[in-house]
Every structure is written in structure tokens, then in C-alpha cells.
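Notes for the one structure printed next.
Spelled out as C-alpha cells, the structure:
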């Protein structure tokens, strides 16, 4: 692992093999189960009627509980109201609640993730470019194309962070400070928290000793609110909140920001509340090797390249929003620099480099791998929902006239539609005949009157 430090948290699905491997290799790492996979099983493990009636209650219990006591209380209430106390699956996931419920895991940093969304998003991204039918060369070309598009989007985001200034919502100096430190997405999260804290909260001391000071957070409105507390550690000069957003996401919550602005009356956010990974300068930090150790050799090619690339990207971003005259000046200056570099190489005798002949270059030829099927490799086990969906779609083509699968007809020659059409024609004919009979009777009555 980078720097020899194990990860604080690993998120996977409920795979027993992964669980055993992580416990053996990373015994001090929290193995968290994917919340999305667990909640997605509700429709399979409980009846359709009860799932439809109580699923939102279970979701609210999972996502809106900030403490373990609050979650346990809500969970038992929902289980009793839904009459699912005897459901074995619900009891099993409740027993492992410490491995997937946010209220039990938010004290550990997870960058705001509660599911294996990062891996799933990577799969979804590359599925747009490659599939299992691609040949080896075609796969490499498509894969590189996906990387190019991904890096292009990253450059666009970097350009926005460097050159565009977000619109501020308050005149407070802290908001202006963080607009220049955070990336655009992170600043938007910070801004929403800061705007709310600026008006809505007041603080009351409930405990004060030599080590810490505890505040009760109260909302100014009369709405029902959760009891939250701010604990200020005097030795570490650090405040923490019972909502645990700062610990799990890395961005101060509205309660901590309100405490800093209104109680401590600070104008700028202290450094201990700024996580470097969310800042614009995160990429221009120290260069590390594959082992995660910082490269201190200033003559290393990797360090030189990182510094030069960082400065060059800043100049190019500025030029994109400058007049055309600035680009012309930059190109002329760059040509002068290149000429000076060539002169320096000639003076040091580096221009007379030895080049390999084309015949000396070793060429490697790679063929398509043989299509083989591994011994014992079978189809994966599928859930009931997948099996039902597969069975429906594999029963043959569907007629959109009668809605049946496995038929030899389609909507154009559907017997059911033909019967409906024939019956409608018979009805129209009978109506036409009755109309003609009425006309004949009326005509006879008119003749009798004339006689």
C-alpha cells in the first residue's frame, strides 16, 4: 500500500471470500458492505406488498439516522409496524449493521462513499468503449480512446477551477477564502453548508472543563430538529459534531462552520479543517513513487516533469482566456527558449547522440489469444429477479398486439386484433343495416301521409 499504510475502509458486496481475505491482509481496516446492494435486495427478500408499503421507511431509517441509538430505535419501530419481526433476512442484516449502516461507519473517512459506486462507475464508463467481442488490437485502441476522453474531461475541470470564479452568496471572508482553495465541486458542497450555518443556528454551552467544551446546537426555526452537539477539544484546537460529516466526507458541516463563525468569530477557516485532497493544489503536491513514498531527489526526471508540467498548465490556462496577442507573445518566447536549449545541448556535446538503426530495433509481434474455456468455468448463479427476467425474454418474440411471448405472429397479423377488427366491422354493419331500415320505414310513412 502507498507509504506502507493500510486503507481505513474498503467497500465491497457481501462476498465471503473477500471478507476473509480483507480480514487476513488488513486486520485493522473496516470492511464495509455496499449499502446499495443490500437495499436492492428488499424486493426479493420480503413480499411485494410490504416492500411497497414500508421500503421508504427502511430507507429513511438507514440514511437519516446519525447515531447508532437513533438507527436501532427507528429500525425496531419499522419492523414492528410492518409485521416483519419473523423475517430471517432482515434479522441477518440487522446483526451485521455495523458493517453497512452509515450511523455505525461515519466516524471513519470514506470520502462520502457508502457503496461500491467507484468501481461500478469505472465499469460503466469503459463499457461505452469496449466489450467482450473486441479483438486485442481493437480493444487497445478503444481503451486508449476512453482514457483520452477521460483525461480531456479532467483538463476541462482543471481549467474551470483555475480560471472561473464561483459566485459568492455571503460577504464573509471565509467563503471567499475557500472559493480559491477548494475545487469547484467541493466548494459547492462547502457553500451550501456555509450559507445555512450563517443564518439558522445558535449555540449553548452545556459542559466546560479543562479538556473540552460541549455546545448544544439549536435551530432558530420552530421545526422538529435532531439534537446535535459540538465538542471542542482544547488541546487539539479541533471541533467535532455528532453528525460526523467532517469525519466521513472531509468537508466541515454546517454546525462546525456555525460554531467557528459565531462562537469563535474567525474570519478564515483554520488549516486543520481543510483536507488537502479536496483542494486545487492536491495535484501539485509532492511526487510519490509506486510505494507511496515521497521522492526527495530534485534531479529525478519524475519530479522535474511534475514541476514543469504544473507551471506550463497554469500558463496555458491563462492564455486560453487572454487576447490573441498574448498567445503570439508566448509562442515567440517559447521559440526563444527552445533555441537556447539547443545551444546548451550543443555546448555540452549532447546533440551528437547515437541512434539505433532500424535493423537494430527489436520488434515484438503479438497475435490474438486463443479462445479457450477454463475448466470448470460455468455460468454464474443468478438471483430470482434475474432468472424471471431472463425466462420471460427467452421465451421467444413478443407480439405487441396480444402481449404474448413465443408466438409465430406479430402485431400486423395478430389473430386477436383480427377478431377485434372483425367484431367491430360486424357491429358497424349491423348499425348500418338498422340505420337503413329506419330510413326505409320513415320513407314509407311519408308516402302514406301523401296518399
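In our numbering, the protein residues as written are 61 to 511. Cβ coordinates follow ideal geometry from the N, Cα and C atoms, glycine included.
Please check the pair residue i and residue j, which I expect to be a contact at CB under 8 Å, by giving their CB distance rounded to whole angstroms.
i	j	result
residue 290	residue 301	6 Å
residue 98	residue 173	Actually they are not in contact, since the Cβ atoms of residue 98 and residue 173 sit about 15 Å apart, beyond 8 Å.
residue 272	residue 294	6 Å
residue 471	residue 464	So it is not a contact: roughly 11 Å between Cβ atoms.
residue 374	residue 238	That pair is no contact at about 20 Å.
residue 114	residue 142	4 Å
residue 474	residue 461	3 Å
What residue range does the beta strand (DSSP E) around residue i cover?
i	result
residue 72	69 to 72
residue 123	Looking at the DSSP string, residue 123 is not in any beta strand (DSSP E); the run it does join, the alpha helix (DSSP H), is 108 to 123.
residue 84	Unbroken run through residue 84 is the alpha helix (DSSP H), 76 to 85; no beta strand (DSSP E).
residue 298	298 to 301
residue 90	90 to 93
Cβ of residue i within 7 Å of Cβ of residue j?
i	j	result
residue 276	residue 175	no
residue 94	residue 102	no
residue 262	residue 278	yes
residue 203	residue 222	no
residue 139	residue 145	yes
residue 163	residue 127	yes
residue 386	residue 394	no
residue 133	residue 121	no
residue 332	residue 298	yes
residue 165	residue 119	no
residue 170	residue 78	no
residue 105	residue 160	no
residue 250	residue 242	yes
residue 244	residue 266	no
Kindly indicate which three-state DSSP category residue i falls into: helix, strand or coil?
i	result
residue 128	helix
residue 232	coil
residue 280	coil
residue 508	Confidence at residue 508 is low in this model, with a pLDDT of 47, below 50, so its placement is unreliable and the value that follows should be read with caution. Residue 508 falls in the helix class under three-state DSSP.
residue 457	coil
residue 307	helix
residue 290	strand
residue 273	strand
residue 243	coil
residue 465	strand
residue 66	coil
Could you give the first and the last residue of the continuous alpha helix (DSSP H) run that contains residue i?
i	result
residue 184	177 to 187
residue 164	162 to 165
residue 267	Premise fails: residue 267 lies in the beta strand (DSSP E), 261 to 268, not in any alpha helix (DSSP H).
residue 156	That residue, residue 156, is in no alpha helix (DSSP H); it is neither H nor E in DSSP.
residue 100	From DSSP, residue 100 is part of no alpha helix (DSSP H); its letter is neither H nor E.
residue 295	Looking at the DSSP string, residue 295 is not in any alpha helix (DSSP H), and its letter there is neither H nor E.
residue 325	Run containing residue 325: none; DSSP gives neither H nor E here.
residue 15	Within the shown structure, residues of the chain are numbered from 61 to 511, placing residue 15 beyond reach of any answer.
residue 315	314 to 318
Is there a Cβ of chain C sitting closer than 7 Å to that of residue i, yes or no?
i	result
residue 98	The chain labelled as chain C is not found in the depicted structure, where only one protein chain is given.
Any heavy atom of the ligand PLP closer than 6 Å to the CB of residue i?
i	result
residue 394	As presented, the structure is devoid of all ligands, the ligand PLP included, so that no description of it is given.
Any 3 or more C-beta pairs closer than 8 Å across the segment 227 to 239 and the segment 312 to 329: The segment 227 to 239, when compared against the segment 312 to 329, does touch it at the 8 Å Cβ threshold.
contact_flag[the segment 222 to 232, the segment 241 to 261] where n(CB pairs < 8 Å) is 3 or more: The answer is yes - the segment 241 to 261 touches the segment 222 to 232, with three or more Cβ pairs under 8 Å.
Touch test, the segment 178 to 198 against the segment 318 to 338, Cβ-Cβ under 8 Å, three pairs minimum: Counting C-beta pairs closer than 8 Å gives fewer than three between the segment 178 to 198 and the segment 318 to 338, which falls short of the contact rule.
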